[in-house]
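Chains A and B, in that order, are what the protein sequence lines are. Number 240 in numbering that gives the first Met the number 0 belongs to position 241 of the first sequence; there are no gaps in the numbering. Number 305 in numbering that gives the first Met the number 0 belongs to position 306 of the second sequence; there are no gaps in the numbering. Down below is the structure, laid out as structure tokens.
Number of protein chains: 2
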Amino acid sequence: MVRSVGIVGLGLIGGSLARRLVQREVEVVAWNHTERPYAAAREDGITCVDSLEDLAIARPEVLFLCNPLKAMPEMLQRLAPMLDREATTLSDVGSVKGMVRQQVEAAGLGDCYVGAHPMAGTEFSGFAASDPAIYDDALWAVTVDENTDYQRFLKVATLITGVIGNRVIVLDDTTHDRAAAMISHAPHVVSTAFINELSESQDRNIAAALAAGSWRDMTRVALTDPARTRAMIEEDADNVEALLRDLAARLTLFADDLHAHDDAALTQFFEAGQPFRDYKAHERELQNSEESSVINRPGDSQGSNDFNEPGGQNDAERKVVAIPETDWQRTFLDSARRGEHVVRFIQPWQVEVETRSKV
Amino acid sequence: MVRSVGIVGLGLIGGSLARRLVQREVEVVAWNHTERPYAAAREDGITCVDSLEDLAIARPEVLFLCNPLKAMPEMLQRLAPMLDREATTLSDVGSVKGMVRQQVEAAGLGDCYVGAHPMAGTEFSGFAASDPAIYDDALWAVTVDENTDYQRFLKVATLITGVIGNRVIVLDDTTHDRAAAMISHAPHVVSTAFINELSESQDRNIAAALAAGSWRDMTRVALTDPARTRAMIEEDADNVEALLRDLAARLTLFADDLHAHDDAALTQFFEAGQPFRDYKAHERELQNSEESSVINRPGDSQGSNDFNEPGGQNDAERKVVAIPETDWQRTFLDSARRGEHVVRFIQPWQVEVETRSKV
Chain A
0 MVRSVGIVGL GLIGGSLARR LVQREVEVVA WNHTERPYAA AREDGITCVD SLEDLAIARP
60 EVLFLCNPLK AMPEMLQRLA PMLDREATTL SDVGSVKGMV RQQVEAAGLG DCYVGAHPMA
120 GTEFSGFAAS DPAIYDDALW AVTVDENTDY QRFLKVATLI TGVIGNRVIV LDDTTHDRAA
180 AMISHAPHVV STAFINELSE SQDRNIAAAL AAGSWRDMTR VALTDPARTR AMIEEDADNV
240 EALLRDLAAR LTLFADDLHA HDDAALTQFF EAGQPFRDYK AHERELQNSE ESSVINRPGD
300 SQGSNDFNEP GGQNDAERKV VAIPETDWQR TFLDSARRGE HVVRFIQPWQ VEVETRSKV
Chain B
0 MVRSVGIVGL GLIGGSLARR LVQREVEVVA WNHTERPYAA AREDGITCVD SLEDLAIARP
60 EVLFLCNPLK AMPEMLQRLA PMLDREATTL SDVGSVKGMV RQQVEAAGLG DCYVGAHPMA
120 GTEFSGFAAS DPAIYDDALW AVTVDENTDY QRFLKVATLI TGVIGNRVIV LDDTTHDRAA
180 AMISHAPHVV STAFINELSE SQDRNIAAAL AAGSWRDMTR VALTDPARTR AMIEEDADNV
240 EALLRDLAAR LTLFADDLHA HDDAALTQFF EAGQPFRDYK AHERELQNSE ESSVINRPGD
300 SQGSNDFNEP GGQNDAERKV VAIPETDWQR TFLDSARRGE HVVRFIQPWQ VEVETRSKV
């Protein structure tokens with residue numbers, strides 16, 4: 000089990016992670032590009048060091064890069080000559096995975112890398128806003144490729160399921176980044192296209208005057224910092240491009256069907272998303288039932304035991320999946336596609352998964 | 000000044016309007032397709048009649064059709080032989096205006112019709128959910144064409160600005176319905192296209208697991224009753240079709256620019272909507288300043304005086320617009336395009352307009 004973790008970047012995500020790990024009795028060594036949060040971090044039991052070199056020398060078992068994506072190449076270049084690759088597995092918490100892996104490989108660190116992306120955050124930033132609770136019941140995407148070392152993968156994955164007490168899905172970079180294009184990056188482009196459409200219309204003030212809830216929701220993300228949105232989209236450019244072409248084709252087809260009064264096609268359009276509507280309805284039911292009964296989450300009281308006995312409250316929704324030594328990546332991916340989240344490593348080649356709701 | 004109003008349909012919109020008018024000492028006669036809300040409506044001072052014929056016979060000065068859009072042709076066909084067209088001006092509160100005017104004309108009632116669409120409502124429906132306060136500070140679109148009789152227009156518009164105490168923009172049907180396509184109907188299609196995209200993806204459970212706030216906002220309206228959404232879109236089909244083709248072209252162009260790493264084009268894309276971002280920022284400022292000081296709204300204390308003296312608290316944002324007798328429709332439309340809302344008829348050919356914020 001992992002006893003020491005290094006953190007680069009004590010912002011909201013890195014700071015909250017560091018504090019969560021300290022709570023779970025992991026030794027945390029952190030470096031930040033300024034010393035500003037060090038006093039507060041030290042009070043929380045985090046060992047803060049003066050340089051990135053000191054962090055590498057501390058030889059943490061897992062080192063999470065929690066710096067902004069734009070600083071990633073520089074961090075990797077500086078770490079490369081200093082990192083003890085035998086002792087330390089490199090990971091990160093970036094929101095795109097393909098680009099980061101390319102940068103990791105460009106720095107010659109591909110062999111010791113396992114990617115990660117926690118679904119955690121708030122609207123705020125910085126260590127002062129950090130809160131270990133943002134990791135309560137969080138889901139992480141752990142990203143691997145065909146060369147990923149299984150022992151290093153296990154280190155990162157069991158740290159997340161065991162020590163941190165979170166859920167994991169294991170993906171290749173493309174699957175992760177394609178999903179991110181669908182659920183975040185493309186919506187940002189579409190939202191921006193709508194405010195452009197309005198801004199360029201001679202009737203913009205009329206449209207703005209008539210706008211209500213559907214417009215407000217559709218355009219909310221277009222109001223956030225456009226420079227940051229652009230950077231996010233360019234980091235996932237190929238997937239965003241493919242998805243936008245697909246969406247444009249869907250909208251054009253719908254326009255054609257509307258023009259032709261094609262009843263069957265219009266019916267199909269309004270029925271195709273029913274699986275997602277049902278999923279959301281089921282999610283709401285689960286939330287309502289959770290509000291009236293506390294569910295015993297895995298890991299929350301099992302922080303010191305990575306490989307533990309099966310059991311728990313939600314047996315009906317859980318099952319055990321055997322992981323083959325050959326093409327284990329595919330077995331994990333198929334499981335994630337079925338809507339299963341890894342909640343526990345029973346043994347190195349056997350996991351318990353939970354399905355809460357699926358599309 | 001209008002002393003009597005007829006209401007067809009005591010649902011949320013019609014019921015709230017009837018109650019607002021009674022509060023302002025207008026005589027309100029209403030008919031609903033069932034008598035279910037009559038007891039409550041009578042307690043509120045609304046005269047409820049047994050048949051649509053009785054409502055026509057009451058000869059209200061303005062008759063608002065507040066029934067669902069799908070019942071519109073039947074209501075119009077039944078009203079046509081009974082309505083005293085000299086005495087009564089016909090209006091409605093439908094969310095699309097071109098289709099309603101066509102139906103009004105098909106029933107031979109075009110001469111006495113002035114369209115209206117109040118920006119008011121809640122997530123609920125039915126008389127039990129009605130509340131005159133949904134009209135507090137509301138904006139109405141009043142829709143006219145080249146044949147609209149100015150005296151009938153004045154009746155409806157001054158009822159709204161004077162008695163009801165609301166703001167008005169005066170539009171042609173196409174401008175109204177094109178704006179509605181942009182701010183509501185097309186967002187519903189796009190939102191639905193996104194949940195279809197996800198539902199049809201082999202990675203749908205992975206995408207759903209990674210989804211956060213931007214996805215939730217982008218897809219919220221796709222979760223509402225798809226049959227109702229479809230009906231709404233088909234009622235405004237031509238405008239929705241045109242807008243979707245335009246959006247599809249924007250998304251394809253963006254995909255091309257992303258593919259080509261066209262820095263100037265990408266910059267332009269993320270800057271084009273800045274006027275709308277600025278508008279929203281200004282709106283928020285106004286809301287914040289309103290919270291700390293009560294603004295004296297026109298009409299609120301002037302219900303019995305349609306043509307009253309200029310004045311009020313917000314002189315800086317107000318001005319007087321003269322309405323020419325020839326092509327008065329265009330003068331009103333240009334004013335609406337400038338972001339002006341009519342708050343008062345000083346004289347029949349002179350209005351006071353207010354500009355709160357503009358794109």
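Even for Gly, the Cβ is constructed at its ideal location relative to N, Cα and C.
Task: Segment limits, beta strand (DSSP E) that includes B:V350 - done: Working through the second sequence from its first residue, we reach residue 350 of chain B at position 351. Judged by DSSP secondary structure, B:V350 falls within the beta strand (DSSP E) whose first and last residues are 349 to 353.
Open item on the list: Pop quiz: B:L246 and A:A192 are said to be a contact at Cβ under 8 angstroms. What is the actual Cβ separation, rounded to whole angstroms?
Closed with: Counted from its first residue, the second sequence places residue 246 of chain B at position 247. Counted from its first residue, the first sequence places residue 192 of chain A at position 193. At roughly 6 angstroms, the Cβ-Cβ gap stays under 8 angstroms, so B:L246 and A:A192 are in contact.
Task: Cutoff 9 angstroms: A:L89 Cβ touching any chain B Cβ - done: The residue given as residue 89 of chain A occupies position 90 in the first sequence. For A:L89, not one C-beta of chain B is nearer than 9 angstroms to its own C-beta.
Open item on the list: Which residue marks the beginning of the alpha helix (DSSP H) containing B:R84, and which one marks its end?
Closed with: In the second sequence, counting from the first residue as 1, residue 84 of chain B sits at position 85. No alpha helix (DSSP H) holds B:R84; DSSP gives it neither H nor E.
TODO: Check the Cβ-Cβ distances between B:T160 and every residue of chain A, and say whether any is below 9 angstroms.
DONE: Start at 1 with the first residue of the second sequence, and residue 160 of chain B comes out as number 161. No, B:T160 lies away from the interface with chain A (no Cβ there is under 9 angstroms from its Cβ).
Task: Integer-rounded CB distance, given that B:S198 should sit under 8 angstroms from A:P186 - done: Here residue 186 of chain A refers to the residue found at position 187 of the first sequence. Here residue 198 of chain B refers to the residue found at position 199 of the second sequence. The beta-carbon separation of A:P186 and B:S198, rounded to 16 angstroms, does not stay under the 8 angstroms limit for a contact.
TODO: List the DSSP bridge partners of A:N6.
DONE: As a working mapping, residue 6 of chain A is identified with position 7 in the first sequence. The residue you asked about is not Asn; residue 6 of chain A is Ile in the sequence shown. Answer by DSSP bridge pairing, in chain order: A:A29, A:F63.
Open item on the list: I want to verify the contact list: residues of chain B whose CB lies under 7 angstroms from the CB of A:R329, in sequence order.
Closed with: Counting from 1 along the first sequence, the entry for residue 329 of chain A is found at position 330. Contacts between A:R329 and chain B, judged by CB atoms closer than 7 angstroms, are missing: the closest CB pair is about 13 angstroms apart.
Open item on the list: Just to make sure I have the definition right: I need the residues of chain C whose C-beta is within less than 8 angstroms of the C-beta of B:N165. Which are they?
Closed with: Given the protein chain composition of this structure (A and B), no chain C is represented.
TODO: Could you confirm whether any beta carbon from chain A is found closer than 9 angstroms to the beta carbon of B:L11?
DONE: Within the second sequence, residue 11 of chain B is the residue found at index 12, counting from 1. Answer no: the Cβ-Cβ gap between B:L11 and chain A never drops below 9 angstroms.
Open item on the list: Between A:Q102 and chain B, is the shortest Cβ-Cβ distance under 9 angstroms, so that the two count as touching?
Closed with: Within the first sequence, numbered from 1, the residue matching residue 102 of chain A stands at position 103. Closer than 9 angstroms: no.
Task: Residue of A:I6, A:L20, A:P225, A:D135 minimising C-alpha distance to A:C47 - done: Residue numbering aside, residue 47 of chain A sits at position 48 when the first sequence is read from its first letter. Here the closest residue by C-alpha is A:I6.
TODO: Please confirm if B:Q22 has its CB atom under 9 angstroms from at least one CB of chain A.
DONE: Mapped onto the second sequence, residue 22 of chain B falls at position 23. By this cut-off, B:Q22 is not an interface position.
TODO: Tell me A:H187's beta-bridge partners as DSSP assigns them.
DONE: By 1-based counting over the first sequence, the position of residue 187 of chain A is 188. According to DSSP, which records beta bridges pairwise, A:H187 is partnered with nothing at all.
Open item on the list: Just to confirm the assignment, what range does the beta strand (DSSP E) spanning A:T228 have?
Closed with: Counted from its first residue, the first sequence places residue 228 of chain A at position 229. Counting along the chain, A:T228 falls outside any beta strand (DSSP E), though it belongs to the alpha helix (DSSP H) covering 225 to 233.
Task: C-beta atoms of A:D144 and A:D171 nearer than 9 angstroms - done: For the purposes of this step, residue 144 of chain A is taken as the residue at position 145 of the first sequence. For the purposes of this step, residue 171 of chain A is taken as the residue at position 172 of the first sequence. Yes, Cβ-Cβ distance for A:D144 and A:D171 is below 9 angstroms.
- [ ] Say whether the region 11 to 18 of chain B touches the region 125 to 142 of chain B, bearing in mind that this needs 3 or more beta-carbon pairs closer than 8 angstroms, one atom from each stretch.
- [x] Counting Cβ pairs under 8 angstroms, three or more are found: they touch.
Task: Coarse secondary structure for A:L209, derived from DSSP in three states - done: Residue mapping note: residue 209 of chain A aligns to position 210 of the first sequence, counting from 1. The answer is helix: DSSP assigns A:L209 an H, G or I state.
Open item on the list: B:G120 and A:P225 - do their beta-carbons sit closer together than 9 angstroms?
Closed with: Here residue 225 of chain A corresponds to residue number 226 of the first sequence, with the count starting at 1. Here residue 120 of chain B corresponds to residue number 121 of the second sequence, with the count starting at 1. A:P225 is not a Cβ neighbour of B:G120, given a cutoff of 9 angstroms.
Task: Local Cβ density within 10 Å of A:M217, reported as buried at 16 or more and exposed below that - done: Counting from one through the first sequence, the residue named residue 217 of chain A turns up at place 218. That one is buried.
Task: The beta strand (DSSP E) enclosing B:H116, as first and last residue numbers - done: Position 117 of the second sequence, counted from the start, is the residue given in the question as residue 116 of chain B. Unbroken beta strand (DSSP E) run through B:H116: 114 to 117.
Task: Neighbour list for A:M118 in chain B, Cβ cutoff strictly below 8 angstroms - done: By one-based count along the first sequence, residue 118 of chain A stands at place 119. Those within 8 angstroms of A:M118 in chain B are A208, L209, A211.
Task: Span of the beta strand (DSSP E) around A:R346 - done: By one-based count along the first sequence, residue 346 of chain A stands at place 347. According to the sequence shown, residue 346 of chain A is Gln rather than Arg. Annotation for A:Q346: the continuous beta strand (DSSP E) segment containing it runs 340 to 346.
TODO: Using 10 angstroms around the beta-carbon of A:F253, count the other beta-carbons present and answer buried if the total reaches 16, otherwise exposed.
DONE: Position 254 of the first sequence, counted from the start, is the residue given in the question as residue 253 of chain A. That one is buried.
Task: Which listed residue (A:A17, A:V1, A:L68) has its alpha carbon closest to that of A:E234 - done: By one-based count along the first sequence, residue 234 of chain A stands at place 235. Of all alpha-carbon atoms in A:A17, A:V1, A:L68, the one lying nearest the alpha-carbon of A:E234 is that of A:L68.
TODO: Within the same chain, show all residues whose beta-carbon is closer than 6 angstroms to that of B:I194, passing over the 5 residues directly before and after it, in chain order.
DONE: Within the second sequence, the letter at position 195 stands for residue 194 of chain B. If we look at B:I194 and ignore the five residues flanking it on each side, its Cβ neighbours are T218, A221.
Open item on the list: Is it buried or exposed, B:S90, if we count other Cβ atoms within 10 angstroms and call 16 or more buried?
Closed with: For this step, residue 90 of chain B is matched to residue 91 along the second sequence. Counting the other Cβ atoms within 10 Å of the Cβ of B:S90 gives 16 or more, which makes it buried.
TODO: Would you check if the distance between the CB atom of A:E60 and the CB atom of A:V4 is smaller than 9 angstroms?
DONE: Here the question's residue 60 of chain A lines up with position 61 in the first sequence. Here the question's residue 4 of chain A lines up with position 5 in the first sequence. Result yes, Cβ atoms of A:E60 and A:V4 sit closer than 9 angstroms.
TODO: Tell whether a beta-carbon distance below 9 angstroms holds between B:F331 and A:A207.
DONE: Indexing the second sequence from 1 puts residue 331 of chain B at position 332. Indexing the first sequence from 1 puts residue 207 of chain A at position 208. Annotated as distal: B:F331 and A:A207, with beta-carbon spacing of 9 angstroms or more.
TODO: Please confirm if the region 153 to 160 of chain A is in contact with the region 330 to 350 of chain A, defined as three or more CB-CB distances below 8 angstroms between the two stretches.
DONE: Segments in contact, yes.
Task: Chain-ordered residues of the region 220 to 233 of chain B with a beta carbon less than 8 angstroms from chain A - done: For chain A, the residues of the region 220 to 233 of chain B that bring a beta carbon within less than 8 angstroms of one of its beta carbons are V220, A221, L222, P225, A226, T228, R229, I232, E233, in chain order.
Task: Chain-ordered chain A contacts of B:F344 [CB-CB under 7 angstroms] - done: Counting from 1 along the second sequence, the entry for residue 344 of chain B is found at position 345. None at all; the shortest Cβ gap to chain A is about 19 angstroms.
Task: Interface positions of the region 133 to 159 of chain B facing chain A (Cβ-Cβ less than 8 angstroms), listed along the chain - done: Within the region 133 to 159 of chain B, the residues whose Cβ lies closer than 8 angstroms to any Cβ of chain A are, in chain order, L138, A140.
Task: C-beta neighbour in chain B for A:V358, strict 9 angstroms - done: Taking the first residue of the first sequence as position 1, residue 358 of chain A is located at position 359. Chain B, which has a Cβ nearer than 9 angstroms to the Cβ of A:V358, makes this yes.
Task: The alpha helix (DSSP H) enclosing A:A248, as first and last residue numbers - done: Position 249 of the first sequence holds residue 248 of chain A. Its alpha helix (DSSP H) spans residues 236 to 258.
Open item on the list: For chain A, check one thing: does any of its Cβ atoms lie closer than 9 angstroms to the Cβ of B:F268?
Closed with: Along the second sequence, read from residue 1 onward, the residue named residue 268 of chain B stands at position 269. It does: the Cβ of B:F268 has a partner Cβ on chain A nearer than 9 angstroms.
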